[in-house]
Every structure is written in structure tokens, then in C-alpha cells.
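Everything on this sheet refers to the single structure shown next.
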Amino acid sequence: MSLNLDFGNCLWFIIPENSQVYTLCKELQDAVSDFQYSPHITIEYDMSNNEPIEIWRKIIENGISLKLDHPITFKEVSYKGLFNLELPVICSDNSGNDVIFKNTGWKPHISFAYRSHKPFTSEEKIKVYKILDKYHFIDSTIK
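Take the sequence shown: its position 101, counted from the start at 1, is 100 in numbering that gives the first Met the number 0, and no numbers get skipped.
Written as C-alpha cells, this is what we have:
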């Protein structure tokens, strides 16, 4: 069975490699994901022009704060045969507004593991909990 999902052109906040959040995401990926990719927060799907880039550039210039939600938890989501595990993220502007939710309608998150056509097992989820437990006191800020 093939996976045919077309999300179009996406706009991401890339998680910097020198951050503890990046290290956490890569460890989680290595443990349970069928795919390897750069840890990121998707902020726009299926973009047809550069307009969203300019909107987000202005939002960023006014200052935003990104960090993992605490306590660090995860949830499983599925869409058309694609299963993913996500870490909730807080993305706020200087007024404390959730800028991703306000501008897109969806909750910000980092998808750290993907799988096609097969949910994650209980054993894999236990692996994730064990890894998250090790990172309980990490610096959850994302630059």
C-alpha cells in the first residue's frame, strides 16, 4: 500500500540542531519513527504563493516565544493512513496570544514520528514515555 498525501508547499519553523528540543526529537524519531526528517513546527500547509511567508515574517519580527508544553506529553494523530506522534508546543507573541492557533486554527506541535498505514504499538508508546521522562527538566525553549 502506498501513501499518497500531498500537503503542497509547507512553511516550517525548523528546530535548531544545537537545542535540547532537537536532541529530544531526534532520539524519539530514532526510537519509533519509520521516517527521518528535520524536526519542525508546520505553520502553513498547501501554500500557493508567498503571501503566508510575508505574514509570518511580520509576526516573527514582532517577537514570538516557542517552547514545548510542560509537562512534556505526546498525542497520536492519524490522517488518511498516516499516523504521527506529536509534542504540543506553545507559540505566543508578546501579548501571550497563541499566534499559530490564531492565524491557522490548529494547535502548534512538533510531529516527531510518522508511520504509514499502521498505528504505533503500546510498546513503542512506552519507549516514548521513557525517553520523555529522561528529558523532564530540559530547556524546552525553541529559538
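The C-beta atom is built at its ideal place from N, Cα and C for all residues, glycine as well.
Mind checking which residues open and close the alpha helix (DSSP H) that includes residue i?
{"i": "D138", "result": "From DSSP, D138 is part of no alpha helix (DSSP H); its letter is neither H nor E."}
{"i": "K101", "result": "V98 to T103"}
{"i": "S94", "result": "It is not in any alpha helix (DSSP H) - S94 carries neither H nor E in the DSSP assignment."}
{"i": "T22", "result": "Q19 to V31"}
Just to confirm before moving on: does the CB-CB distance between residue i and residue j stay below 8 Å?
{"i": "F111", "j": "C9", "result": "no"}
{"i": "K117", "j": "F82", "result": "yes"}
{"i": "L67", "j": "V20", "result": "yes"}
Under a Cβ-count criterion, where at least 16 other Cβ atoms within 10 Å of its own Cβ denotes burial, should residue i be classed as buried or exposed?
{"i": "I14", "result": "buried"}
{"i": "V76", "result": "exposed"}
{"i": "I141", "result": "buried"}
{"i": "H108", "result": "buried"}
{"i": "S139", "result": "buried"}
{"i": "S47", "result": "exposed"}
Closest to residue i by CA distance: which of the options is it?
{"i": "V98", "options": "N48, T72, T41 and L86", "result": "T41"}
{"i": "V127", "options": "Q28, W11, Y21 and I52", "result": "Q28"}
{"i": "I59", "options": "L84, F12, E85 and N48", "result": "F12"}
{"i": "G80", "options": "K133, L131, F119 and E50", "result": "F119"}
Starting from residue i, trace the beta strand (DSSP E) in both directions and tell me its first and last residue.
{"i": "S115", "result": "H108 to S115"}
{"i": "Y78", "result": "K74 to Y78"}
Within 8 Å, do at least three Cβ pairs link the segment 18-38 to the segment 91-105? no
Taking contact to mean at least 3 C-beta pairs separated by less than 8 Å, is the segment 63-77 in contact with the segment 86-95? yes
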